[in-house]
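Step one of this worksheet: look at the structure below.
Residue numbers (the numbering used here): 168 to 424.
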């Protein structure tokens, strides 16, 4: 189990060392978009099945894809709930959103923690009146009885009142052969409030912004979701667990505007 970054590293290492991995059957990953090619390479190079999961320190693993799902479901969904846990997707008034719409992801169940040590007020602020924990994540129904994470509430890009599904854009661009890693973040704009920037670690050949937008056009993604700026970097700021620290990127981009 580990972030997609570590899975990609394992694949690269196995290609160069060729160790015996016959005992490796599964790899569960989450916290960032999972590219379809990553699922395919894990099967081909590591000989293992990839599962997508979602959870938090407060409640452990809450959703995960299943063995009976198509293998590539891991690149399209964050899974359905594990026994004893429940999730719902709601609007700002804690009312269910229409099927397929993005809303706040809330959960409850046996694995939910009882509070924050010496910070009861902070925990209470995350609880709804009817007992659901507000995760701070945005999600939508994946169309198969599970959920698809769309980003963090604080990571949401609001471009002229149009909410950009950051995770969906990242997942699409991770399929581009010139993109090794990517983070899509917002930067200030006087007219629209925010615009989207793709911060990319390139593969062998660096992409241009036109390359990325042309690729998104081919996938059928709405033009208002396309990034309007491209920054090429050699590394992304990450936590020790491999999660991209987008607040660092936002601060850097805001300072350059």
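C-beta atoms are modelled at their ideal positions from N, C-alpha and C, and glycine is treated no differently.
Buried versus exposed, by CB contacts within 10 Å (16 or more), residue i
{"i": "residue 390", "result": "exposed"}
{"i": "residue 332", "result": "buried"}
{"i": "residue 185", "result": "exposed"}
{"i": "residue 413", "result": "buried"}
{"i": "residue 352", "result": "buried"}
{"i": "residue 260", "result": "exposed"}
{"i": "residue 280", "result": "exposed"}
{"i": "residue 312", "result": "exposed"}
CB contact flag (residue i, residue j, <8 Å)
{"i": "residue 325", "j": "residue 361", "result": "yes"}
{"i": "residue 128", "j": "residue 223", "result": "Here the chain covers residues 168 to 424 and nothing more, so residue 128 does not appear."}
{"i": "residue 342", "j": "residue 171", "result": "no"}
{"i": "residue 299", "j": "residue 240", "result": "no"}
{"i": "residue 238", "j": "residue 206", "result": "yes"}
Proximal residues to residue i (C-beta, below 6 Å), its chain only, five neighbours per side dropped
{"i": "residue 397", "result": "365 and 376"}
{"i": "residue 415", "result": "404"}
{"i": "residue 327", "result": "359"}
Same chain, Cβ closer than 7 Å to residue i, five either side skipped, listed in chain order
{"i": "residue 334", "result": "200, 316, 317 and 318"}
{"i": "residue 393", "result": "380 and 383"}
{"i": "residue 329", "result": "391"}
{"i": "residue 193", "result": "215, 216 and 218"}
{"i": "residue 169", "result": "196 and 409"}
Own chain partners of residue i with C-beta closer than 8 Å, once the 5 adjacent residues on each side are dropped
{"i": "residue 309", "result": "243, 244, 245 and 315"}
Beta-carbon separation (whole angstroms), residue i vs residue j, contact threshold 8 Å
{"i": "residue 372", "j": "residue 339", "result": "So it is not a contact: roughly 19 Å between Cβ atoms."}
{"i": "residue 249", "j": "residue 231", "result": "6 Å"}
Inset, instruction - Can you check the region 311-396 for any beta strand (DSSP E) of at least 3 residues that lies completely inside it and give the ranges in chain order? - result: Counting only runs that start and end inside the region 311-396, the beta strand (DSSP E) elements of at least 3 residues fall at 314-319, 324-326, 329-331, 346-356 and 360-369.
Legend entry - Any alpha helix (DSSP H) of 4 or more consecutive residues that is wholly inside the region 255-308: For the region 255-308, whole alpha helix (DSSP H) runs of length 4 or above, ordered along the chain, are 287-292.
Inset, instruction - Let me know the alpha helix (DSSP H) ranges lying completely inside the region 182-230, each 4 residues or longer, listed in chain order. - result: For the region 182-230, the full-length alpha helix (DSSP H) segments reaching 4 residues or more read 203-208 along the chain.
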